[in-house]
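Enquirer:
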Amino acid sequence: MSRHLLIDTDPGIDDALAILLAVSSPDARIEAITTVAGNVSVELATVNARRILAVAAPDPMPPVFQGAQTPLKRALITAAHVHGDD
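With our numbering applied, the sequence shown corresponds to residues 18 to 103, in that order.
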């Protein structure tokens, strides 16, 4: 029986690996991915999530939805110095 997953992410290398593991697991089905600003801007996070899925090519391909551009209660601090510019 598959676990149905909604992944909410700001894909840097750590989240990219987690998405790839979920895609490759016979016990998981990614229903959708939502992106938020964090490691990078939300726009770039959305591009990164779509790139990860393009490489992994899961079947079925889950939709990717862009989420919040900034945190609710603090200023956005990205981590390009850790995860790179993209």
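Glycine is no exception: its CB is placed at the ideal position from the N, C-alpha and C atoms.
This structure is a prediction, so every number in the text was calculated from the model and none was measured.
From what residue to what residue does the beta strand (DSSP E) around ILE24 run?
Expert: Position 7 of the sequence shown, counted from the start, is the residue given in the question as residue 24. First-last of the beta strand (DSSP E) with ILE24: 20-26.
Enquirer: Going by C-alpha distance, which of ASP32, ILE94, ASP76 and ALA73 is nearest THR51?
Expert: Against the sequence shown, residue 51 aligns to sequence position 34. Residue ASP32 is the option with its Cα nearest to THR51.
Enquirer: With distances taken between CB atoms, is the gap from ALA66 to GLN86 smaller than 7 Å?
Expert: Translated into the one-based positions of the sequence shown, residue 66 becomes position 49. Translated into the one-based positions of the sequence shown, residue 86 becomes position 69. No. Outside cutoff.
Enquirer: Could you please give the first and the last residue of the uninterrupted beta strand (DSSP E) stretch that includes ALA35?
Expert: The sequence position of residue 35 within the sequence shown is 18, counting from 1. Looking at the DSSP string, ALA35 is not in any beta strand (DSSP E); the run it does join, the alpha helix (DSSP H), is 30-41.
Enquirer: Could you check the C-alpha separation between LYS90 and THR26 for me, to the nearest Å?
Expert: Position 73 of the sequence shown, counted from the start, is the residue given in the question as residue 90. Position 9 of the sequence shown, counted from the start, is the residue given in the question as residue 26. In a straight line, the C-alpha of LYS90 is about 18 Å away from that of THR26.
Enquirer: Per DSSP, which one or two residues make a beta bridge with THR81?
Expert: Locating residue 81 in the sequence shown gives position 64, where the first residue counts as 1. The sequence given here has Val at residue 81, not Thr. ILE50, per the DSSP bridge assignment.
Enquirer: Mind checking whether PRO28 and ALA62 have CB atoms under 7 Å apart?
Expert: By one-based count along the sequence shown, residue 28 stands at place 11. By one-based count along the sequence shown, residue 62 stands at place 45. Cβ distance < 7 Å, so PRO28 and ALA62 count as in contact.
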